[in-house]
Structure formats: structure tokens, C-alpha cells
Amino acid sequence: MPSYRNAVTRVELYDAVYRRVGLSRSESASLVELVLKEITDSVARGETVKLSSFGTFTVRKKGKRMGRNPKTGVAAPIPSRRVVIFKASAVMKQRTDADRLQGRSEKTPTETDTIDAALT
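Quick note: the sequence shown uses the numbering used here, first residue 1, plus one each step.
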């Protein structure tokens, strides 16, 4: 089961807009909801949504296929469907990777780091 402890909620987005933009709390909530609704409606229509420096939401069609019930092992047909795909932009990937690398440098040295230091 996934952990959502580090997830950003809608309320946190409302508060972030409230603090940074200076709109009232209700105006901030309305603004965030409007943006999310526009993204959702566009994707539902099958349109690609590109957000510069963030990423791209696209809809992909998956064909029907045979699957199986993991509990019983019985084969079952899975109908065709549309799924939403998110691809992070290069800027987002760099920021994510930079955060990961920065976090690693703050951790205690690994066994390999200790061995490398001893050899030099």
C-alpha cells in the first residue's frame, strides 16, 4: 500500500497560493480548482496538456488483452481503455535528480565512500 505522508494535498496547494500570491483563501482555492479542472477536462477530451518546465499529460489507448485474477489464477479478458500518462520535463527531471544527489551528500558516507577514502 503506497504511503501518502509526503503527498501534497489540495489544501496545501491552496495555502501555498494564498501565501505567495496574496489572494484570499477562497480565491486561492478557486484558482487552484480552476487550473486542475482545466487540466482534467483537457485530458478527458484526449488533448495533450504541456506545462513548460513541469511536464506533459497525454492519453494513451490500451488495447484489450487477457489477464488473470491474481487470487484465483483464472484468465479474464481486460477491455480496452484509455489511461493518462505523465512525462516529466527535462527541467523537472534535473530538479528531482539534483534534490536526490543533494540528499545523498548529506547522508553518512557509504561503505564504498569509506573504502575509496582509505585508498587515497
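Yeah, the Cβ is synthetic: ideal placement off N, Cα and C, and Gly gets one too.
query                                                                                                            : result
Sort out for me which residues DSSP pairs L51 with in a bridge.                                                  : G55
Are the C-beta atoms of E33 and some chain B residue less than 7 Å apart?                                        : No chain B is part of this structure, which consists of one protein chain only.
With a cut-off of 8 Å on the beta carbons, I'd call P77 and K64 a contact; round off their distance for me.      : 6 Å
A118 to M92, Cα distance in whole Å?                                                                             : Residue placement at A118 cannot be trusted, given a pLDDT of 42 that sits under 50; what the coordinates show is reported in the next sentence. Near 36 Å, if we compare the C-alpha coordinates of M92 and A118.
According to DSSP, is A7 helix, strand or coil?                                                                  : coil
May I ask you to report which of helix, strand or coil DSSP gives V74?                                           : coil
With DSSP run on the structure shown, which of helix, strand or coil describes R19?                              : helix
Where does K93 fall in DSSP's three states?                                                                      : helix
In angstroms, rounded to a whole number, what distance separates the CA positions of V59 and S42?                : 10 Å
Helix or strand or just coil, what does DSSP make of R60?                                                        : strand
Classify A7: buried if its beta carbon has 16 or more other beta carbons within 10 angstroms, exposed otherwise. : exposed
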